[in-house]
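Chains as they are written, first to last, in the numbering used here: chain D, 2 to 182; chain Y, 19 to 503.
Report on one structure; see the data block that follows.
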């Protein structure tokens, strides 16, 4: 009889327990990682950009590894800031990259590496990058090349002219990188 | 033992009849409140703007988990609810699974209100779902605006800086550039206009800003001249007649220099010098400037093949009469411009003012000739260009598409946009939007971005949609597909 009473009361008891149970702690799932002019870059986007680089970190020592991950995140954030500002500049001067141009670049890249588009995507996936992210990376590089060509930059000094473009675009707007280096 | 326990208890309770003697606190160090002058020196001595949020080590965030959204709220660091416009939280749908992309969009919208220095997204699991919390940090306000050197109140007003206004470093950067341009326009090209800021309170609730200006001397133009062309004298006369800004005694204006480049190039094209090279040099000596347009004429080009093609509104012979150029004669840009105007007038007289007339030229450097083909084109038909391909399945009739869009006329005038509003949703095949828009969305994949050109018959037709869309307008939409259901 006592057992039956307990069983009958169990759902109510369970209800009471659930009613008074405190919700689990709120957890931060995203936050603003950077401001680039009118753009907001979120931490989840930085993590996605940094994922292939973090996956490639070989450090075993936990401290050195943490340092390398922080550096990868900071660099990813800086890349996203530059990409956002370049996209704005491209829009200002009416430059764009079509999906067909991205496909063309992928085919050229695949040919130069004696593989196919699918082969490129598979290699990227091994490094932790999906097809969309890989295409976005190609699009960004094409857009950057078009911007530099428009300025008649000396493309043999790629890194230098790219850095000069980034510095010029950053000087025009407010930039705040909230990921410590 | 009992007594000791009582003493400890009473020491902990901190009030009432304590039997323990209070322990004297060490004297607090003297707090020196900085004077106005010290504060000014500290802020004006900086070279940077105070950030809205300090950099910190990125802790890992995971947005994959979630569950059904129970509700969404905006709260401040103290846990107090903050009133936010409903559009800001519109991407978060109660009852739907938690969507990280929607949370990012809501965060962006909260940021764009300009009220917050930081926004974080939290989820709090609860019975059968999650509460979505946007934890916002209010922006600091401007406490004081210090003016140093030659800075004036007008400079502060121009930048929009005033005590008790929200601190907006982005507006300061823009204002600083405008201030710089303003000084340049008066010939004060050496002017320095740094702006710095620092938190005025330890809790980062207010900011002091300093505008420093050092004007320097006015730098004026000493001479403006063309150099290197066989037509230097004529070009100099042109520069003097066309312009009252970049002349001796004036100050250099970049936009006028660029216009003068075009003016000189046009004059050279009028003389058949189609492969000329031209650039301007601004050389400063002391407080004076010499502007030189360096020119290499290159060879003289003569007319080669001349033709007209396309959607002609009149017999071809009538068009050809309007192109009276003789093969072998020196190319003349002004003549061609006049001919094109005459062709436009012909099209209009035949009831086709919508036709576009485009000159296509091709140089043959070896022969020294230029071919000229006049292309008469009708308005563009329906077309799509994928700017970014999405992923997943393609949108089909019967799907509900949710998207962001921007609609423009052919001249670039924006007549409608979903920016700043909730994304637009409609059912494909339901006829709720113009035909061309629906056709443009069909086949798109989520995440894709497409430019769709819509001729009038698939848009608003002869009726238009006054006052923004005129009669017989070709429309161009840029569409980003967010989801299909």
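By construction, the Cβ of each residue, glycine as well, lies at the ideal position given by its N, Cα and C atoms.
Practice item. Report buried or exposed for residue 214 of chain Y, applying the criterion of at least 16 other Cβ atoms within 10 angstroms of its Cβ. Key: Position 196 of the second chain, counted from the first residue, corresponds to residue 214 of chain Y. In this structure residue 214 of chain Y is buried. Its beta-carbon is surrounded by 16 or more other beta-carbon atoms within 10 angstroms.
Query raised in the report: Mind checking residue 175 of chain Y: buried by the 16 CB within 10 Å criterion, or exposed?
Result: Position 157 of the second chain, counting from 1, holds the residue named residue 175 of chain Y. In summary, residue 175 of chain Y is exposed, with fewer than 16 beta-carbon neighbours lying within 10 Å of its beta-carbon over all protein chains present.
Next item on the list: Ignore the nearest five residues each way along the sequence and tell me which others in residue 408 of chain Y's own chain have a CB closer than 7 Å to its CB.
Entry: Locating residue 408 of chain Y in the second chain gives position 390, counting from the first residue. For residue 408 of chain Y, where only same-chain residues beyond five positions count, the Cβ hits under 7 Å are 462, 463, 464, 465, 466 and 499.
What in chain Y is Cβ-close to residue 71 of chain D, meaning under 9 Å? To locate residue 71 of chain D, count along the first chain from 1; it is residue 70. For residue 71 of chain D, the neighbours in chain Y by C-beta distance under 9 Å run, in chain order, 75 and 76.
Residue 43 of chain D (DSSP reduced to helix, strand or coil): Here residue 43 of chain D is taken as the residue at index 42 of the first chain, counted from 1. In the three-state reduction of the DSSP assignment, residue 43 of chain D falls in the strand class, which pools E and B.
Exercise. Distance, Cα to Cα, residue 441 of chain Y vs residue 435 of chain Y?
Worked result: Position 423 of the second chain holds residue 441 of chain Y. Position 417 of the second chain holds residue 435 of chain Y. If I take the Cα positions, the gap works out to 10 Å.
- Item | Start-end ranges of the alpha helix (DSSP H) lying completely within the stretch 289-361 of chain Y, minimum 4 residues | Listed in chain order, they are 334-339.
Review point. Shorter than 8 Å from the beta carbon of residue 29 of chain D to some beta carbon of chain Y?
Key: If you number the first chain from 1, residue 29 of chain D lands on position 28. Yes, because at least one Cβ of chain Y sits closer than 8 Å to the Cβ of residue 29 of chain D.
- Stretch-stretch touch, CB-based, cutoff 8 Å, three pairs: the stretch 303-315 of chain Y with the stretch 234-241 of chain Y: Short answer: they touch.
Spatial distance of residue 415 of chain Y from residue 101 of chain D (CA atoms): By one-based count along the second chain, residue 415 of chain Y stands at place 397. By one-based count along the first chain, residue 101 of chain D stands at place 100. Residue 415 of chain Y and residue 101 of chain D: Cα-Cα distance of roughly 25 Å.
Query raised in the report: Which term fits residue 158 of chain D, buried or exposed, when burial requires 16 or more other beta carbons within 10 angstroms of its beta carbon?
Result: Taking the first residue of the first chain as position 1, residue 158 of chain D is located at position 157. Taking all protein chains shown into account, residue 158 of chain D has fewer than 16 neighbouring C-beta atoms within 10 Å of its C-beta and is therefore exposed.
#### Entry: Contacts around residue 451 of chain Y, its chain only, beta-carbon distance under 6 Å, and the 5 residues preceding and following it disregarded
If you number the second chain from 1, residue 451 of chain Y lands on position 433. Taken in chain order, the residues that qualify are 444.
According to DSSP, is residue 125 of chain Y helix, strand or coil?
As a working note, residue 125 of chain Y is residue 107 in the second chain. For residue 125 of chain Y, the three-state secondary structure derived from DSSP is helix.
DSSP on residue 83 of chain D, reduced to helix/strand/coil? Locating residue 83 of chain D in the first chain gives position 82, where the first residue counts as 1. When secondary structure is reduced to three states using DSSP, residue 83 of chain D falls in the helix class.
Practice prompt. State the beta-bridge partners of residue 149 of chain Y as determined by DSSP.
Written response: Start at 1 with the first residue of the second chain, and residue 149 of chain Y comes out as number 131. The partner list for residue 149 of chain Y (beta bridge, DSSP) reads Y:89 and Y:142.
Who does residue 418 of chain Y pair with in a DSSP beta bridge? Taking the first residue of the second chain as position 1, residue 418 of chain Y is located at position 400. According to DSSP, which records beta bridges pairwise, residue 418 of chain Y is partnered with Y:445.
Identity of the residues DSSP links to residue 216 of chain Y by a beta bridge: For the purposes of this step, residue 216 of chain Y is taken as the residue at position 198 of the second chain. When beta bridges are read from the DSSP output, residue 216 of chain Y appears opposite Y:226.
Using only alpha-carbon positions, find the residue among Y:313, Y:339, Y:364 and Y:199 that is nearest to residue 283 of chain Y.
-> Sequence index remark: in the second chain, residue 283 of chain Y carries index 265 (1-based). It is Y:313.
CA-to-CA distance, residue 209 of chain Y to residue 271 of chain Y, given in whole angstroms
The sequence position of residue 271 of chain Y within the second chain is 253, counting from 1. The sequence position of residue 209 of chain Y within the second chain is 191, counting from 1. Roughly 15 Å between the two C-alpha positions.
Exercise for review: Check whether the Cβ of residue 66 of chain D lies closer than 8 Å to any Cβ atom in chain Y.
Suggested key: Locating residue 66 of chain D in the first chain gives position 65, where the first residue counts as 1. No, because no Cβ of chain Y sits closer than 8 Å to the Cβ of residue 66 of chain D.
Classify residue 68 of chain D: buried if its beta carbon has 16 or more other beta carbons within 10 angstroms, exposed otherwise.
Residue 68 of chain D sits at position 67 when you count from the first residue of the first chain. So residue 68 of chain D ends up on the exposed side.
Exercise. Measure the beta-carbon distance from residue 418 of chain Y to residue 503 of chain Y and round it to whole angstroms, keeping in mind my assumption that it falls under 8 Å.
Key: On the second chain, residue 418 of chain Y is found 400 positions in, with the first residue counted as 1. On the second chain, residue 503 of chain Y is found 485 positions in, with the first residue counted as 1. Rounded to the nearest angstrom, the Cβ distance from residue 418 of chain Y to residue 503 of chain Y is 5 Å, consistent with a contact under 8 Å.
Item to check | Any alpha helix (DSSP H) of 4 or more consecutive residues that is wholly inside the stretch 166-219 of chain Y | outcome: Correct list: 171-177 and 187-203.
Q) With DSSP run on the structure shown, which of helix, strand or coil describes residue 452 of chain Y? A) Counted from its first residue, the second chain places residue 452 of chain Y at position 434. Of the three classes helix, strand and coil, the one that applies to residue 452 of chain Y here is coil, per DSSP.
| said: Helix, strand or coil for residue 24 of chain D? Go by DSSP, reduced to three states. | reply: Counted from its first residue, the first chain places residue 24 of chain D at position 23. Low confidence applies here, because residue 24 of chain D scores a pLDDT of 48, under 50, leaving its location unreliable; read the following figure in that light. Residue 24 of chain D falls in the coil class under three-state DSSP.
**Request:** Please report the Cβ distance between residue 494 of chain Y and residue 469 of chain Y, rounded to the nearest whole angstrom; I am assuming they are in contact, meaning their Cβ atoms lie under 8 Å.
**Result:** Here residue 494 of chain Y corresponds to residue number 476 of the second chain, with the count starting at 1. Here residue 469 of chain Y corresponds to residue number 451 of the second chain, with the count starting at 1. Yes, they are in contact, since the Cβ atoms of residue 494 of chain Y and residue 469 of chain Y sit about 7 Å apart, within 8 Å.
Contact criterion: CB-CB distance below 8 Å. Does residue 179 of chain D meet it with respect to chain Y? The residue labelled residue 179 of chain D in the question sits at position 178 within the first chain. So, interface residue.
### Neighbour-count burial assignment, residue 230 of chain Y, 16 or more Cβ in a 10 Å radius
Within the second chain, numbered from 1, the residue matching residue 230 of chain Y stands at position 212. Burial call: buried.
query = Taking Cβ to Cβ, would you say residue 164 of chain Y is nearer than 8 Å to residue 58 of chain Y?
reply = For the purposes of this step, residue 164 of chain Y is taken as residue 146 along the second chain, with counting starting at 1. For the purposes of this step, residue 58 of chain Y is taken as residue 40 along the second chain, with counting starting at 1. In this structure, residue 58 of chain Y lies closer than 8 Å to residue 164 of chain Y by Cβ.
Let me check one thing: in DSSP terms, what residues is residue 409 of chain Y bridge-paired to? Along the second chain, one-based indexing puts residue 409 of chain Y at 391. Within the DSSP bridge table, the entry for residue 409 of chain Y names Y:464 as partners.
By DSSP's criteria, residue 134 of chain Y is part of a beta bridge. Which residues make up the other side? Residue mapping note: residue 134 of chain Y aligns to position 116 of the second chain, counting from 1. For residue 134 of chain Y, which the question treats as bridged, DSSP gives the partners Y:156.
- Is there at least one Cβ from chain Y nearer than 8 Å to residue 174 of chain D's Cβ? Mapped onto the first chain, residue 174 of chain D falls at position 173. Yes - at least one Cβ of chain Y is within 8 Å of the one on residue 174 of chain D.
Contact set between residue 257 of chain Y and chain D, taken where Cβ atoms lie within less than 7 Å = For the purposes of this step, residue 257 of chain Y is identified with residue 239 of the second chain, where counting begins at 1. Going along chain D, no residue has its Cβ under 7 Å from residue 257 of chain Y, so there is no contact; the nearest lies around 25 Å.
For residue 175 of chain D, collect the residues of the same chain with a Cβ closer than 8 Å to its Cβ; drop the 5 residues on either side in sequence, then sort them by chain order. Numbered from 1 along the first chain, position 174 holds the residue referred to as residue 175 of chain D. Cβ neighbours of residue 175 of chain D beyond the five flanking positions: 36 and 38.
What residue does the beta strand (DSSP E) around residue 243 of chain Y start on, and which one ends it?
For the purposes of this step, residue 243 of chain Y is taken as the residue at position 225 of the second chain. For residue 243 of chain Y, the enclosing beta strand (DSSP E) covers residues 238-245.
Is residue 202 of chain Y near the ligand GDP, in the sense that its beta carbon is under 7 Å from a heavy atom of that ligand? Among the components modelled here there is no ligand, and therefore nothing to report on the ligand GDP.
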